[in-house]
Amino acid sequence: MSSPAYAAGSSTAGSGAGKPAAKAPTLVDGLSDVVDASVPAATAARSNLAGHKDRYHIPSSDRDLVTDSVTSDPDGAETVRLDQKYHGVPVLGAQYVVRMTHKNGKRTVTGTSGAYFTSLDVDTGKATLPVATAVDDAVRNVRDGLARGGYVPSHAKNGDTLSGTDRGLTILPTDNGVLARHVTVSGSDPMTGAPVLQEVYVDAATGMALFESGGLATLAAPGQTPGAHPGGTAAKPATTGRSGSVAPSGSASVSSPDPGSAGFTGSGTLLNGSTVPLYLTKDASTGAYLLRDTAHMADTKQHNVIQTWDATSVSYQDASGVWPDGVVPYSSPTPQLSPDLTSVGAVDAHWAAGQVYDFYRDTFHRNSLDGQGMTINSLVGVTDYGNSFVNAFWDGTKMVYGTGDSEYRSLASDLDVVGHEMTHGVVQNTANLVYAGQSGAMNEALADYFGNAIDITVNHTPMTDPNAGLIGGDLCRTLAPKDCAFRDLNDGATMKKLVGMPLGSSYDNGGVHLNSTIFSGALWDIRESLGGKSADQIVYRALTSYITPLDGFDEGRDAVIAAAKSLGVRGSRLAAVKGAFAAHGIVPGWEKGLGVDSKVLLGRLGTLPQFVGTGNAPSTGGGWWTVPKSSADSTAPYSVWVGRVDGKVKPRQVSPNDGRTHMSAVTDGKRVVWVAVDTPSPDDPYSHTYDILSAPVSGGAPTTLYSTATEVTGLSVEGDTVAWSRRNAQTGLQQVLYLKAGGATPQVVPLGRDYNEALMPALKDGRIAYVHQGLFDGQYGAVVEVYDIASGTTTDLGAPSSPEWISTPVATSTGVYWLIDTDYTDDDFTTLRRADFDGSHVTDLIPEKGPNPVRAYGLAATDTEVTLTVYPSFSQVFDNYNDTLAKLYQFTPQGAPLGRVSCSVGQQSNAAADTGSRVLWMDTTTTDTDLVTRDRPAGTCA
């Protein structure tokens, strides 16, 4: 979701700028409004908002704002975070912050900031999908995104570990708002085994996925984990020191030793060789010394603990978002911990958690990660099903640290990594930045900043040290720190290097790690200029008192500058703060410096998901294009747009604004055909209506060609014929249907086999190419076939086989192309196959077992060029993050390479072939999704 573009720009009280903005201002500073000092802070904050409706435009602060948190600092500063609700339904990311001072019996409001959405108009009582159906839709969205689109035949489907949990209704704040259901999807990526924890928001009425963010704050991005070797051996776990005290199954609460257990100060050796004191607990029943620290929080009201758990028997997939079975506290027979506990990382984790707690308590007077004395749990030594795991993450309640491998020590053995993960807990309990796109990158940036600040403060490392800005630089056994580190806050990243990642767990949730050093680099520059004491206070004040969940880099910059001013930073020091952001390109108009080499036909499509093969893909024909479009933040109902490929006609919307979701648009240059998905009937919330609509590209009202209650997919149009696939309500099998102009009843493409199915049709010259799957002579398989509408004859394009994956066929005037994967174990390579319409010359143009295989999962073709959407290897680690994204490559009809279509950064997918070498595609270079084109391929890219 984009940063909120709905609130007014920054405002300063007393500026004499004229009438207040029509929407709630995102930042107001310089106030001195006296409010009641005798009431709770949240009550005082609401009363101020209510008393200044002309300033804030919040109609009822008592009704629409609920208290999220109240914090008080020793200097008298108070921060009240208020979450917006609409008719009792929470609004995603909508939070307004009121800052006050409370001293000497007086309380004054000094400023406000955040996002309050004033234009919402949502029917929160309308009929919605059953919860189970919406949950299934959310899970399917994540599963399809992880599989990169395409079709997996029934025989190839593997066990599915993904499941969804309903979190209730939510308003997505775009325009007038959209009622959505929030679903947490968890499990493992079926292709890579990586843990999945995604927050998905689907249209409450249709189940269409509208927005997705990450729920697992990992140290490294997917595919970017240094030293991760899936087939390697995990670092040797401790063979002793497992206490019998186990946490309750399914609970994140810690266990308690027997009554009479006492705190002790022991010692242990860190992996770097240093001996450090450790707070332990002696279990009265066993005499063992548990890595359970009661001393740090002994003087707090909560009396909670810092505890380190033995998770060497647990795979990280089973520790994501849940408390795993079988973990026990690390323990030792003596207060001097053994080398086994050092080698597994338990000593480092336990010591480091105490150091991070001390930093936040001593520097900011913060009581644990949530500010309320929460227990701090660390799971140390998790594996990847017994293999090495070189990553760490915060899952919302606890830290989880991987084993390391032959090169990387335990992930808990570098203080900045521990500080990073624990800071995610602080962020979650303050600004709660949404883990997607720029807000997610700021989440990572703040974790990196404080992780490093803690490390160099505790270890007395000067900021001038060349390794001071490294995250994880001390993890390696043999590599130099710079070669070992996951990130470098001094890497010089600027907005010109922004990586345009789509949303979704496969794509780093929109670049939350890959783009983080742009913002963290600016923060680190501030620390270098102002010194740690001042800079840490500024960044912490920005985090806790200014930044709100949907903020992006621009709002983050404004928050840091405002926080600096509130702390008395002026003159050259304030100029240094502003200059740090300018040096990293975080300035207005940064999008213009990205070096795009394509022409934008329609910007900010806002359609999700963005993988190959969705109903959001563009189509082109006869010099015209069509594509579904949402709002920039992906939350408005989809509409269908058309335009000219040459850009000579202004794009326009052809679908009506009737509350339906309009998608799967295709065109032949004369008309546009698409599917409109209706909302469920109030009397039957399980029902949907799928209407196939048609409208001339040159203008005119749409007409309804066909209506059904079963899902329509694979739409294709040519002249007076429209083809599609749908599931037969009686048999549950997919069928291909076609309808000619003037016809009222669609015809079914015959298969000649009662229990087989057909899907993914493509029309060309009066023929329909499609995929036929099912039983062939007793063997399960699939084959591409061509049905001639005029003669009623069917031609097989080769013999049935048993593929793992197969694409929609693409027909040109000379034949049919399709992609097929026959072996999942070959690093995801696919085969480009072609055949003549009569079934002759079936040829593997680019075989997956050949000398130059490709990982192609998207296909478009003309008579002279074939365009493939090529993905990188799942298993390869790339130095350039741009290389992790799908790119478009062109080939001759014989499979000879012609080079890249575009050299722009960002993902390139869902290509649609126009004529010759010209294609259109969906491009994420600007971090939005744009429909773009090039007249000819770029060829070789530097």
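If you read the sequence shown in the numbering used here, its first letter stands for residue 18, the second for the next number, and so on. No residue lacks a Cβ here, since even glycine has one placed at the ideal position from N, Cα and C.
Item, Value
"Quick check on DSSP: helix, strand or coil for M459?", "helix"
"Using a Cβ-Cβ cutoff of less than 8 Å, which residues in the same chain neighbour D472 once the five nearest sequence positions on both sides are dropped?", "D431, L432, D433, G436, T478"
"Could you tell me which whole alpha helix (DSSP H) segments of length 4 or greater appear in the region 116-198?", "148-163"
"Checking the sheet assignment: what are the DSSP bridge partners for I488?", "R504"
"Could you tell me the distance, in whole angstroms, from the CA atom of D771 to the CA atom of D685?", "33 Å"
"Which partner residues of R13 appear in the DSSP bridge assignment?", "A query on residue 13 cannot be resolved here, the shown segment of the chain reaching from 18 to 959 and no further."
"Note down, one range per segment and in chain order, each alpha helix (DSSP H) of at least 4 residues found wholly within the region 571-630.", "588-600"
"Alpha helix (DSSP H) containing P437: first to last residue?", "The sequence given here has His at residue 437, not Pro. Residues 432-445."
"Considering only C-alpha positions, which residue in the set G639, N927, A539 is nearest to A597?", "A539"
"Could you spell out where the alpha helix (DSSP H) holding Q372 opens and where it closes?", "363-381"
"Would you report the Cα separation of S647 and S337, rounded to the nearest angstrom?", "32 Å"
"Can the beta-carbon of G419 be found closer than 9 Å to that of T447?", "no"
"Is K514 helix, strand or coil by DSSP?", "helix"
"Determine the direct distance from the alpha carbon of S355 to that of K120, and round the result to whole angstroms.", "51 Å"
"Is it buried or exposed, E821, if we count other Cβ atoms within 10 angstroms and call 16 or more buried?", "buried"
"When you compare only the Cα positions, how much space is there between A559 and N449?", "13 Å"
"Span of the alpha helix (DSSP H) holding K550?", "549-562"
"Where does R340 sit, in a helix, a strand or coil, going by DSSP?", "Reading off the sequence shown, one finds Trp at residue 340, where the question assumed Arg. If DSSP states are grouped into helix, strand and coil, W340 belongs with coil."
"Look up M391 in the DSSP assignment and give the residues it is bridged to.", "DSSP output for M391 lists no bridge partner at all."
"Use the C-beta contact count for A34: other C-beta atoms within 10 angstroms, 16 or more gives buried, fewer gives exposed.", "Caution is warranted here: a pLDDT of 28 is assigned to A34, below 50, making its placement in the model unreliable, and no coordinate value can be reported."
"Please report how far the alpha carbon of V577 lies from the alpha carbon of M939, in whole angstroms.", "34 Å"
"Starting from Y73 and walking both ways along the alpha helix (DSSP H), at which residues does that stretch end?", "70-73"
"Exposed or buried, what is R383 when buried is set at 16 or more other beta-carbons lying within 10 Å of its beta-carbon?", "buried"
"Please report the straight-line C-alpha distance between R259 and G585, rounded to a whole angstrom.", "Any answer about R259 is weak, because its pLDDT of 41 lies below 50 and its placement is not dependable; what the coordinates show is given next. For R259 and G585, the distance between alpha carbons rounds to 52 Å."
"Within the continuous beta strand (DSSP E) that includes L295, where are the two ends?", "292-299"
"Between A155 and the ligand FAD, is there a pair consisting of the residue's CB and a ligand heavy atom that are separated by less than 8 Å?", "This structure lacks the ligand FAD; in fact it carries no ligand of any kind."
"According to DSSP, D838 sits in a beta bridge with which residue or residues?", "W822"
"Between the region 449-465 and the region 347-362, can you find at least three pairs of beta-carbon atoms closer than 8 Å?", "no"
"What do you get for T762, buried or exposed, if any count of 16 or more other CB atoms within 10 angstroms of its CB means buried?", "exposed"
"With three or more C-beta pairs closer than 8 Å as the rule, is the region 402-410 touching the region 364-379?", "no"
"Do V97 and V114 have their beta-carbon atoms positioned less than 9 Å apart in this structure?", "yes"
"According to the neighbour-count rule (16 or more other Cβ atoms, all chains shown, within 10 Å of its Cβ), is K499 buried or exposed?", "exposed"
"CB-CB under 6 Å to S86, same chain, minus the five flanking residues each way: which ones, in chain order?", "R98"
"Taking the alpha-carbon of V655 as reference, which of F228, T298, E461 has the nearest alpha-carbon?", "At residue 655 the sequence reads Tyr, which differs from the Val that was named. The shortest Cα separation from Y655 among F228, T298, E461 belongs to F228."
"Hey, could you find the ends of the alpha helix (DSSP H) S1008 is sitting in?", "Any answer about residue 1008 is impossible in this case: the structure gives the chain only from 18 up to 959."
"Rounding to the nearest angstrom, what Cα-Cα distance links S203 and E216 in this structure?", "9 Å"
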